[in-house]
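Chains as they are written, first to last, in the numbering used here: chain A, 70 to 265; chain B, 70 to 265.
A virtual CB, placed ideally from N, CA and C, is assigned to each residue, including glycine.
Down below is the structure, laid out as structure tokens.
Number of protein chains: 2
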Amino acid sequence: MTALDNLSKALSRLPGVGPKSAARIAFYLVRSSDDYNRVLADGIATIKQKVKPCSICGSYTENDPCPICQDASRDRSVLCIVEQPQDVITIQNSGAYNGLFHVLGGAINPLNAVGPENLSFGQLLKRIDEGSFKEIIIATNPTEEGDTTALYIRHLLKDKPQISLTRLASGLPIGGDLEFADRSTLVRSLRGRIRI
Amino acid sequence: MTALDNLSKALSRLPGVGPKSAARIAFYLVRSSDDYNRVLADGIATIKQKVKPCSICGSYTENDPCPICQDASRDRSVLCIVEQPQDVITIQNSGAYNGLFHVLGGAINPLNAVGPENLSFGQLLKRIDEGSFKEIIIATNPTEEGDTTALYIRHLLKDKPQISLTRLASGLPIGGDLEFADRSTLVRSLRGRIRI
């Protein structure tokens, strides 16, 4: 069973795919159609040639600069800073944001040896100096690393009081149940309570 | 973002991979190594050429007959009937079974138009007639379809009283908590209770 074992092993390195799901996917691929397997294999083999980081914002794109950076209809006075390229898609899909993006490439995480020098802060400062941003929204994850990164950005921009610096609200997820909220979420949602 | 969208769409057809995990995997593949993407793409592109159903038992193999059917050290008086090729691996990995296998290719499921004629019962009867099995273990899933299939096998073999017909025990999973057991599992585990 070497071919199946090798394929399972390769699949189990994908994010969110454990050894059991990897085996299940490998067996599925034995009985799926030739066409589907070819499309999937081609997609995986060529994705790195087709998709590159945008030289301006760092999100993934087939044309450089990316469609968002090129879109003249977007609000160029607002910049949303995210950790990863997929966060751009998530915020785009919300339909609630029409400004520009900046992808840091991660969050500051000393335990994993990710310092500010490993993230695109140089390019960020260059964009801020050359652009005319009125508001910068920090949309790093609501984790210890994301919070550290947000604090670092506040420190970076402390001599630019003309730019309003904001952070995405943290709190109870919509449709969630108070009973199942973890303590840190509840603390954040109390501290960030809003007047109605 | 067409290349990423297409890859996400293809990935989301894999079992256990929803649209969100598919997007996450697609983004991961953009920043993973060229070598890894090539190994994974090659594995997917070639798996169907390399792996075929065993002409005897129906499990997946690179050499026909499969290593289990060829293994002279296995107990040829016991046959374990399973639904899918991956079930062979699961039971093999338990280390608690040393007989032969027979893969049905699914379970009887009238709602999905899977009848006995779609499963390998012909080959099963042929093997039973030509072999010298003393025990047949039905290891179909503990679901309505698996139970129906088990009943059908009992009916098929009703004129072979020399073969002892057994079914895998159902009950509480080891390490599980009684409080979280669902009703049907509890009913099965009561009905199948054993003297200690």
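*If you check the beta carbons only, do I125/A and L83/B fall under 8 Å apart?*
no
*Quick one: which residues of the segment 102 to 116 of chain B get their C-beta closer than 8 Å to a C-beta of chain A? List them in chain order.*
D103, Y105, N106, R107, V108, L109, A110, D111, G112, I113, A114, T115 and I116
*Please go through the same chain and pick out, in chain order, the residues whose beta-carbon is closer than 7 Å to the beta-carbon of D156/A, but skip the five residues on each side of it.*
A208
_Restricting to Cα atoms, I'd like to know which of D216/A, I116/A, I222/A and Q139/A is closest to I205/A._
I222/A
*Kindly indicate the opening and closing residues of the alpha helix (DSSP H) around T159/A.*
P154 to S163
*Can you pull the chain B residues whose beta carbon is under 8 Å from the beta carbon of A52/A, in chain order?*
Here chain A comprises residues numbered 70 to 265, so residue 52/A is not present and cannot be evaluated.
*Please look up how many angstroms separate the CB atoms of N162/A and D144/A, rounded, as I've assumed it's under 8 Å.*
Actually they do not touch by this definition, with Cβ atoms about 18 Å apart.
*Please name the residue in G215/B, E214/B and H171/B whose C-alpha comes closest to that of L194/B.*
H171/B
*Below-8 Å beta-carbon distance, G169/B vs any chain A residue*: It should be pointed out that residue 169/B corresponds to Leu in this sequence rather than to Gly. Cβ-Cβ to chain A under 8 Å: no for L169/B.
*asked:* Is there a Cβ of chain A sitting closer than 8 Å to that of N187/B, yes or no?
replied: no
*Examine the Cβ distances between the segment 176 to 195 of chain A and the segment 211 to 219 of chain A and report whether three or more of them are shorter than 8 Å.*
yes
*Taking I94/B as the query, report the chain A residues whose CB atoms sit under 8 Å from its CB, ordered along the chain.*
L83, P84, G85 and V86
*If you pair each beta-carbon of the segment 105 to 124 of chain A with each one of the segment 249 to 264 of chain A, do three or more pairs fall below 8 Å?*
no
_Cutoff 8 Å: L98/A Cβ touching any chain B Cβ_ = yes
*beta strand (DSSP E) containing F170/A: first to last residue?*
L169 to V172
*Give me whichever residues DSSP pairs with R236/A in a beta bridge.*
I207/A
*Would you tell me roughly how many angstroms separate the C-alpha atoms of S101/A and P185/B, rounded to the nearest one?*
22 Å
_Could you tell me the alpha carbon to alpha carbon distance between I232/A and I150/A, rounded to whole angstroms?_
14 Å
*asked:* Measuring only the C-alpha atoms, how far is L234/A from A114/B?
replied: 49 Å
*asked:* Going by DSSP in three states, R100/B sits in which element: helix, strand or coil?
replied: helix
*Is it right to say P88/B is buried, meaning 16 or more other beta carbons lie within 10 angstroms of its own, or is it exposed?*
exposed
*Is the CB of I158/B under 8 Å away from at least one CB in chain A?*
yes
*If you follow the beta strand (DSSP E) that S81/A is part of, which residue opens it and which one closes it?*
No beta strand (DSSP E) holds S81/A; DSSP gives it neither H nor E.
*Could you tell me the boundaries of the beta strand (DSSP E) in which C138/A lies?*
Run containing C138/A: none in the beta strand (DSSP E); it sits in the alpha helix (DSSP H), P136 to Q139.
*From D140/A to G127/A, what does the alpha carbon distance come to, in whole angstroms?*
15 Å
_8 Å is my cut-off, CB to CB: does P134/B come that close to chain A?_
no
*Determine, using beta carbons only, whether K117/A and T130/A come nearer to each other than 8 Å.*
no
*Would you list the residues sitting across from T130/B in a DSSP beta bridge?*
K121/B
*Tell me, please, whether the CB atom of A182/B is closer than 8 Å to any CB atom in chain A?*
no
_Run through chain A and tell me which residues come within less than 8 Å of A79/B, C-beta to C-beta._
Y105, V108, L109 and G112
*asked:* Is there a Cβ of chain A sitting closer than 8 Å to that of S90/B, yes or no?
replied: yes
*In chain order, which continuous runs of the alpha helix (DSSP H) of length 4 or greater are located wholly inside the segment 216 to 260 of chain A?*
252 to 260
*asked:* Quick check: the Cα distance between I197/A and Y97/B, rounded to an integer number of angstroms?
replied: 28 Å
*Using a C-beta cutoff of 8 Å, does L237/A count as contacting chain B?*
no
_Interface partners of D230/A on chain B, CB under 9 Å_ = Here residue 230/A turns out to be Pro, not Asp, going by the sequence shown. The premise fails here: P230/A is roughly 36 Å from chain B at the closest Cβ pair, so nothing lies under 9 Å.
_Cross-chain neighbours of P211/A in chain B, by beta carbon under 9 Å_ = Within 9 Å Cβ-Cβ: nothing; P211/A doesn't reach chain B, min ~18 Å.
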